[in-house]
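S.K.: Sequential numbering of the sequence shown, starting at 270, is according to this note's numbering.
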Amino acid sequence: MKNIKIKLLGLGLLLTMSCNTDDHTGDSTRTTSDAKATLNLNFSQSTVYNEENQDVLTYTISLDKPQIADVVAYVSLVSGTATEGEDFNYDHSITIPAYQLSATGSISILYDETYEPTETFTLKIGDERFANANFDPQEITVQIGNSDNLRIELSWDGTFNGNNGSTDFCDIDMDLELLDSGGNYVETSYSSCPEEIIISSLMPDDTYTLVVSLWTNDGETAAINIPANVEFSKIGGQTPTESLDVSNYFLLSDGGLDDGNSNAYIEYTIVKTGQTYTITDQNSAQVFQGRYNNISQAIRTKILNKNKK
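1. Please classify Y518: does DSSP put it in a helix, a strand, or coil?
2. Rounded to whole angstroms, what is the Cα-Cα separation between L419 and W484?
3. Just to confirm, does Y477 get its C-beta within under 6 angstroms of one of the non-hydrogen atoms of the ligand ADP?
4. With a threshold of 7 angstroms on Cβ separation, who are the neighbours of Y459 within its own chain once the five nearest residues in sequence on each side are excluded?
5. Secondary structure at T298, three-state DSSP: helix, strand or coil?
6. Starting from T542 and walking both ways along the beta strand (DSSP E), at which residues does that stretch end?
7. For E536 versus T476, is the C-beta distance shorter than 7 angstroms?
8. If we count the other Cβ atoms within 10 Å of its Cβ and call it buried at 16 or more, is Q336 buried or exposed?
9. On a Cα-Cα basis, can you pick out the residue from D442, K334, G451 that is closest to A402?
10. Excluding five sequence neighbours on each side, which residues of the same chain lie with their C-beta closer than 6 angstroms to the C-beta of A497?
11. Can you list, in chain order, the stretches of the beta strand (DSSP E) that have 3 or more residues and sit fully within the stretch 445 to 472?
12. Measuring CA to CA, which of D528, S313, E320, Y546 is closest to G414?
13. Do T329 and T391 count as a contact pair if the criterion is CB distance below 7 angstroms?
14. Please report the distance separating the alpha-carbon of G488 from that of P463.
15. Is it the case that the Cβ atoms of I363 and L326 are separated by a distance below 7 angstroms?
16. Using only the alpha-carbon positions, how far apart do I365 and M472 sit?
17. What's the gap between the Cα of D291 and the Cα of Y359?
And the structure:
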């Protein structure tokens, strides 16, 4: 009986070993195929993009066949005069998910109010880390132009000896208002010192009226002129700023519109044609002309009637 048990045990071991002799011939792990990636721009590199529009530029990386793993393209800044975070932002990597055929990257143009010449920057899409598809790294260049907005600022800061001693001129209420050719208010500035209105280049071409007014002298009776100054400037243009002293129009003791003085205002006519603004005063004297990035369009006449109070 002892001998029989030993023989049966040996047979069991033999059967067990025989059941595990599969060497997995023909099996394999899944691998990526020989795919090709291409870059397509959804914008033109020859276009100068106006920062005022805050454009979002896009591009697409496409595969000719899907992959079983993600395909990642890294993007880097190569060169340029524009500054990331101030003038533009961009996606630093683009991922085509597994089993998908494309992905889109973006470049955002940022708006600022500082004049700078046309700026450029160059991005490199793809590098040695690009895997799971064949792709030749490519460089793209973007050009950024300045804003074409017109800024109008009314300032009257300073101090004077008022009814209660030294008084800040900013306590006096002055206003800026912009009306279109139909007499509709399109922009106003009532509660600041200085007051400011910006005419966007995206606004319709029209003949606008700018009203500069004294609302109230707040009971002050000093026979002095308010040191009011109106400044016209292209935010991003090379056209020089034009600063106009309008203090002779506003005698403090005469009061403002709310004090019963119906003459406590002056008007300017602003003709907007595309990116050009031609401004004349109420005596039809041209005081400013500005066009983006063209210094030949300078101030032609600097005439104001200084006799009116």
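The beta carbon of each residue, even a glycine, is placed where N, CA and C say it ideally should be.
The structure displayed is predicted, hence computed values, not measured ones.
M.R.: Straight from the coordinates:
1. helix
2. 24 angstroms
3. With respect to the ligand ADP, the structure offers nothing, as it holds no ligand at all.
4. D444
5. Only weak support exists for where T298 lies, its pLDDT of 39 falling under 50; the coordinates are left without a value.
6. 534 to 542
7. no
8. buried
9. K334
10. W425, V515, S516, F519
11. 454 to 458, 464 to 468
12. E320
13. no
14. 21 angstroms
15. no
16. 40 angstroms
17. Caution applies to D291, whose pLDDT of 46 falls short of 50 and renders its modelled position unreliable; the value that the coordinates give is listed next. Looking at the two C-alpha atoms, the distance is approximately 54 angstroms.
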